[in-house]
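> Per mature numbering (1 follows the signal peptide of the UniProt record, and there is no 0): the sequence shown = residues -24 to -1, 1 to 413.
By construction, the Cβ of each residue, glycine as well, lies at the ideal position given by its N, Cα and C atoms.
Before anything else, here's the structure in question.
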Amino acid sequence: MRPFYGALAGAGALLLAGLNSAQAATEIEFWHAMSGALGERVDDLVKKFNDSQKDYVVKAIAKGNYDEVLNGTIAAYRAKRQPEIVQSNERSFLTMVNSGAIVPTAELMEQQGRPVDASKFIAPVVSYYTIGGKLQAMPFNSSTPILFYNRDHFKAAGFDKPGATWQELEPQLDAIKAKGVSKCAMVLPGDYEWSFLENYSAVNDIPYATKRNGMDGLDTSFVFNKGKLVGQVERMKRLVSSNVMQLAGQGIIPIQLFTSGECSTIIASTASHAAVVAAAKFDWSAAELPYEQGVTPRNSVIGGAALWTLKGHTPEKYKAVAAFYDFLAKTDTQVWWHQATGYVPVTTAAYEAAKAQGYYQKNPTREIAVVQLMRGTPSDNSLGFRIGNSNQINVGIMEEVSAAFLGKKPVQQALDDAVSRGNEVLRRYEQLNAGKK
């Protein structure tokens, strides 16, 4: 009997050793806001990292939309059950930085011997997530708006492509509507504050708020109720009033009005590529954002999100986080993520690599956002926007602008009221965060 028990004991020891070896990998949690096809790409990305080495395991967990992820993170942190990594959109930058709950990415990577060279990132991306020259979060899914258009509709109206300026584009939209080519020439996106107001200001190099749009301090104030942006909102109202531009109804996703062929154009995130490719049954293309005649256009600004590292974890956990971030920054990873999702590559090396592969020759519209983001040197007006409580403020801005669209207020009054409401929120945020970044 002894040999049997001895063999069994030996087998048990080998099994236990194997289990201990498997358990030796350090596991970390990554909470994110991606769903559907993008959620599947996150799972693919994490699997690539986990399969690339044996020391660390990242566990990706979908936690709803960005607001739900943020609220869940706050609750988990208070309960001391926070994940190591959380995805948070660019709107919540100041909330995360001033929370006292994060480990700055630059600090983390330096401590782990994996320093980040910020100069390798696309300028409008890295500037958004940097304070004092130090990267606070790891850029992850970055986007910017571009103009998608129905080529069949433009040809039917007698145009080869959209005009580069608003002065060229607006008459084309009027003609598409007048000739009955489509039910609407343009659909207004749900996030038009970002695409039609903020990015309009950046591209046309005009101030949206003081202190370099909040980059230089919490004592920023909105000033978008002056100058060219007033004309932009008047143009938008004109297009809405003439039924050239359509407001999507409740429960209707604006991009679907474009992909169905009902509307001829939409200004939307470059990440909308996946939806357009999947659903559009017509000849479509895309172009850079229109700008005002006589202007040398600046770069657009980003949307999307970054990854934040939370405090309260062990050194081994932070080694795993640093290894994952290092993997994300690799050129091959960035190229894959860019091509698989439609988000822009966040490093110049990844963009050059994709170009060298001939990717943009086969997929020319995928390059538009990158070129637009890298256009020239960012000015004080096109570095980005660092606004406290921006989600709340943007709701107020769109309420006021929508009131102008519906004829409830003159455009100037609507913008004055939007600025007044926004500045009230900014002053409260400044008081609550006095002495912070």
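(1) Roughly how many whole angstroms lie between the Cα atoms of ARG(-23) and ASN26?
(2) Which residue or residues does DSSP assign as beta-bridge partners of GLY372?
(3) Between ILE61 and VAL371, is the Cβ-Cβ spacing less than 8 Å?
(4) Helix, strand or coil: how does DSSP classify GLU5 here?
(5) Identify whether ALA296 lies in helix, strand or coil by the three-state DSSP scheme.
(6) Assign GLY108 to buried or exposed, taking buried as 16 or more other Cβ atoms, counted over all protein chains shown, within 10 Å of its Cβ.
(7) Short of 7 Å in beta carbon distance, which residues of its chain neighbour VAL311, apart from the five on each side in sequence? Order them along the chain.
(8) Shortest alpha-carbon distance to ASP308 belongs to which of SER11, GLN333 and SER171?
(9) GLN88 lies in the beta strand (DSSP E); which residues open and close that run?
(10) Need the endpoints of the beta strand (DSSP E) that THR196 sits in, please.
(11) If we ignore side chains and look at the alpha-carbon of each, how far apart do GLN112 and THR81 end up?
(12) For a minimum of 4 consecutive residues, which ranges assigned as the alpha helix (DSSP H) are wholly contained in the stretch 161 to 189?
(13) Can you name, in chain order, every residue of its own chain whose Cβ lies under 6 Å from the Cβ of SER(-4), other than the five neighbours on each side?
(14) Around the C-beta of ASN47, are 16 or more other C-beta atoms found within 10 angstroms, so that it is buried, or is it exposed?
(15) Rounded to whole angstroms, how far is the Cβ of ASN189 from the Cβ of ARG362, which I believe are closer than 8 Å?
(16) What did DSSP end up calling PHE124 once you bin it into helix, strand or coil?
(17) With 16 as the cutoff for other CB atoms within 10 Å, does GLU400 come out buried or exposed?
(18) Using only CA atoms, which one of GLY89, GLY15 and THR106 lies nearest to SER95?
(19) With LYS39 and ALA9 assumed to form a contact (beta carbons below 8 Å), what rounded beta-carbon distance in angstroms separates them?
(20) Between LEU160 and VAL220, is the Cβ-Cβ spacing less than 8 Å?
(21) Just the Cα atoms here: how many angstroms apart are ASP19 and VAL179?
(22) Taking PHE69 as part of the alpha helix (DSSP H), name the residues at either end of that continuous run.
(23) Can you grab the Cα-Cα spacing for the pair ALA256 / ALA77, in whole Å?
(24) Please state whether DSSP places GLN269 in a helix, a strand or coil.
(25) When you compare only the Cα positions, how much space is there between PHE116 and ALA281?
(26) Under the three-state reduction of DSSP, which class applies to TYR405: helix, strand or coil?
(27) DSSP state of ILE50, grouped into three classes?
(28) Take GLU406 as the anchor and find which of SER68, THR196, GLU292 and LEU215 has the nearest alpha-carbon.
(29) What does a CB cutoff of less than 6 Å around ALA299 pick up in its chain, not counting 5 residues either side in sequence?
(30) Who are the near neighbours of VAL216 in its chain, counting only those whose CB is closer than 6 Å to its CB and skipping five residues on each side?
(31) Of the choices ALA52, LEU359 and THR317, whose alpha-carbon is the least far from that of ALA185?
(32) Could you tell me the alpha carbon to alpha carbon distance between THR290 and VAL34, rounded to whole angstroms?
(33) Is it right to say SER181 is buried, meaning 16 or more other beta carbons lie within 10 angstroms of its own, or is it exposed?
(34) Apart from the five residues just before and just after LEU(-6), which ones in its own chain have a Cβ nearer than 8 Å to its Cβ?
(35) Using the beta-carbon count (16 or more within 10 Å), is GLU16 buried or exposed?
(36) Quick check on this structure: which residue in TYR267, GLY279 and ILE231 has the alpha carbon closest to the alpha carbon of PRO121?
The short version:
(1) By 1-based counting over the sequence shown, the position of residue -23 is 2. By 1-based counting over the sequence shown, the position of residue 26 is 50. Any reading at ARG(-23) needs caution, since the residue's pLDDT is 39, under 50, leaving its predicted position unreliable; the model's value is listed next. When the Cα atoms are used, ARG(-23) and ASN26 turn out to be separated by approximately 42 Å.
(2) The residue given as residue 372 occupies position 396 in the sequence shown. Looking at the DSSP assignment, GLY372 forms no beta bridge with any residue, so it has no partner.
(3) In the sequence shown, residue 61 corresponds to position 85, counting from 1. In the sequence shown, residue 371 corresponds to position 395, counting from 1. No, Cβ-Cβ distance for ILE61 and VAL371 is not below 8 Å.
(4) Taking the sequence shown and counting its residues from 1, the one referred to as residue 5 is at position 29. Here GLU5 sits in strand by DSSP.
(5) Taking the sequence shown and counting its residues from 1, the one referred to as residue 296 is at position 320. Residue state, collapsed to three classes: helix.
(6) On the sequence shown, residue 108 is found 132 positions in, with the first residue counted as 1. Its Cβ having fewer than 16 others within 10 Å, GLY108 is exposed.
(7) What you label residue 311 is simply residue 335 of the sequence shown in a count that begins at 1. Excluding positions up to five away in sequence, the list reads PRO321, ALA326, ALA329 and ALA330.
(8) Working through the sequence shown from its first residue, we reach residue 308 at position 332. Nearest option by C-alpha distance: GLN333.
(9) The residue given as residue 88 occupies position 112 in the sequence shown. Counting along the chain, no beta strand (DSSP E) covers GLN88, and no H or E run does either.
(10) For the purposes of this step, residue 196 is taken as the residue at position 220 of the sequence shown. It is not in any beta strand (DSSP E) - THR196 carries neither H nor E in the DSSP assignment.
(11) Position 136 of the sequence shown holds residue 112. Position 105 of the sequence shown holds residue 81. Taken atom to atom, the span from the alpha-carbon of GLN112 to that of THR81 is near 5 Å.
(12) Runs found: 175 to 179 and 186 to 189.
(13) Start at 1 with the first residue of the sequence shown, and residue -4 comes out as number 21. No answer about SER(-4) holds up, because its pLDDT of 46 lies below 50 and its placement is not dependable.
(14) Taking the first residue of the sequence shown as 1, we reach residue 47 at position 71. ASN47 is exposed by the Cβ-count criterion.
(15) Against the sequence shown, residue 189 aligns to sequence position 213. Against the sequence shown, residue 362 aligns to sequence position 386. Right, the Cβ-Cβ distance comes to about 7 Å (below 8 Å), so this counts as a contact.
(16) In the sequence shown, the residue the question calls residue 124 occupies position 148. PHE124 sits in a strand when the DSSP states are folded into three classes.
(17) The residue given as residue 400 occupies position 424 in the sequence shown. Residue environment for GLU400: exposed (fewer than 16 other C-beta atoms within 10 angstroms of its C-beta).
(18) Position 119 of the sequence shown, counted from the start, is the residue given in the question as residue 95. Comparing Cα positions, the closest option is THR106.
(19) Stepping through the sequence shown from its first residue, residue 39 is reached at position 63. Stepping through the sequence shown from its first residue, residue 9 is reached at position 33. Indeed, because the Cβ distance is near 7 Å, the residues count as touching under 8 Å.
(20) By one-based count along the sequence shown, residue 160 stands at place 184. By one-based count along the sequence shown, residue 220 stands at place 244. In the sequence under discussion, the amino acid at residue 160 is Cys, which differs from the Leu named in the question. Between CYS160 and VAL220, the gap from beta carbon to beta carbon is short of 8 Å.
(21) To locate residue 19, count along the sequence shown from 1; it is residue 43. To locate residue 179, count along the sequence shown from 1; it is residue 203. If you draw a straight line from the Cα of ASP19 to the Cα of VAL179, it comes to about 35 Å.
(22) Position 93 of the sequence shown holds residue 69. Element bounds for PHE69: 69 to 73.
(23) Taking the sequence shown and counting its residues from 1, the one referred to as residue 256 is at position 280. Taking the sequence shown and counting its residues from 1, the one referred to as residue 77 is at position 101. If you take the alpha carbons of ALA256 and ALA77, they lie about 43 Å apart.
(24) On the sequence shown, position 293 is the one that residue 269 refers to. Reduced to three states, the DSSP call for GLN269 is coil.
(25) Position 140 of the sequence shown, counting from 1, holds the residue named residue 116. Position 305 of the sequence shown, counting from 1, holds the residue named residue 281. A direct Cα-Cα distance of roughly 6 Å separates PHE116 from ALA281.
(26) Reading the sequence shown from its first residue, position 429 is the one you call residue 405. TYR405 falls in the helix class under three-state DSSP.
(27) Stepping through the sequence shown from its first residue, residue 50 is reached at position 74. Helix, per DSSP.
(28) Position 430 of the sequence shown, counted from the start, is the residue given in the question as residue 406. Nearest option by C-alpha distance: THR196.
(29) In the sequence shown, the residue the question calls residue 299 occupies position 323. Contacts found: TYR32.
(30) By 1-based counting over the sequence shown, the position of residue 216 is 240. PHE381, listed in sequence order.
(31) Along the sequence shown, one-based indexing puts residue 185 at 209. Closest option to ALA185, Cα to Cα, is LEU359.
(32) One-based indexing of the sequence shown puts residue 290 at position 314. One-based indexing of the sequence shown puts residue 34 at position 58. Their backbone Cα atoms lie some 15 Å apart in a straight line.
(33) Counting from 1 along the sequence shown, the entry for residue 181 is found at position 205. This sequence places Asp at residue 181; Ser is not what is there. Burial call: buried.
(34) Looking up residue -6 in the sequence shown gives position 19. Residue confidence for LEU(-6) is low, a pLDDT of 48 falling below 50, so the modelled location carries little weight; the figure read from the coordinates is stated next. Closer than 8 Å at Cβ, skipping near neighbours: no residue.
(35) Along the sequence shown, read from residue 1 onward, the residue named residue 16 stands at position 40. GLU16 is exposed by the Cβ-count criterion.
(36) Within the sequence shown, the letter at position 145 stands for residue 121. For the residues TYR267, GLY279 and ILE231, the minimum Cα distance to PRO121 belongs to GLY279.
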